[in-house]
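The opening position of the sequence shown corresponds to residue 1 in the UniProt record's numbering, with each subsequent residue numbered one higher.
Inspection log for the structure reproduced underneath, given as structure tokens.
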Amino acid sequence: MGLIIAWRLAILIIAVQPIVILSLYAKRVLLKRISIRATKTQEESCKLAAEAIYNHRTITAFSAQNRVLKMLDKAQETPRRENLQQSWFAGIRLGFAESITVINWGLSYWYGSRLVHQGYLTPRSVFETILILVTTGWVIANVGSMTSDLAIGLDAITSIFSILDRTTRIEHRAPEEVQVEKITSHVQFCDVYFVYPNRPNVMVLQGFSIHIEAGKSIALVGQSGSGKSTVIALIERFYDPNQGVVEIDG
């Protein structure tokens, strides 16, 4: 349409459009990457802050407030340094992208005014051609910047279907399942080893064995992360042990 209305001006804009589209695309992608990197660099310090809030009683009891504050400050050093470097780099690239866009507008209006002065075009045709071609460039850049979102969406779909298609070890509809009419609640752990899936390098339970008789109370005592809650989670079968057996009534 721009070539039909004003082909002279359209040729100039089309020649510059690839640079404008690339600069707009780089701007969109850059902003997304900065946001993702900033979020990732803050994860460690956020986890540390959350643990400090959750265990504030223990921290206060041992007068470890200053130690925790120093740990938080140290955890912020890397994100602070990376964010500062990214800010300079992003400012230069974003400034370049905005400059290209402004230069494109200025060049288009300058050449369009010359064509109007020479009698080749009317002011209306200049505005129509510029708006058509520049808007088209914006649309192309925006669509191109969405390719990363599509890739993220495909990865999310893949992970969802992997969960839906997973064969669970607990099949409540199995024909050979055993129906227990009465449970007396004798619980026994036999040489249980366990690690959480998201922390495979941290052994929570190692050769853990215990026998709990029905109707009796026991106390699980230990520091944070020693596996007290893990024992309850294994009894409720939120997880299965990596090795060993958890028995209820044998």
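Even glycine gets a Cβ: it sits at the ideal position worked out from N, Cα and C.
C-beta atoms of residue i and residue j nearer than 8 Å
i	j	result
V20	G91	no
V195	F208	no
Q42	P79	yes
A10	L133	yes
F189	I163	no
A75	L48	yes
I235	V246	yes
A214	S185	yes
T101	S23	yes
I183	D249	yes
N104	S224	no
S45	L72	yes
Residue i - containing alpha helix (DSSP H), residue span
i	result
I103	77–117
I235	228–235
R57	56–61
Simplified DSSP state of residue i, which is helix, strand or coil
i	result
F194	strand
I218	coil
Q223	coil
F127	helix
V187	strand
R166	coil
residue 254	Examination of residue 254 is not possible in this model, given that the chain is present from 1 through 250 alone.
S50	Per the sequence shown, residue 50 should be read as Ala rather than Ser. Note: A50 maps to helix in three-state DSSP.
R199	coil
A64	coil
F238	coil
A156	helix
K40	helix
The beta strand (DSSP E) enclosing residue i, as first and last residue numbers
i	result
S209	205–212
I248	243–248
Inter-residue CB distance, residue i and residue j (contact presumed, cutoff 8 Å)
i	j	result
V204	G227	5 Å
R93	A52	No, R93 and A52 are not in contact; Cβ-Cβ is about 37 Å, not under 8 Å.
Query - Stretch-stretch touch, CB-based, cutoff 8 Å, three pairs: the region 2–17 with the region 113–122 - result: Counting C-beta pairs with one atom in each stretch, the region 2–17 and the region 113–122 have three or more that are closer than 8 Å, which means they touch.
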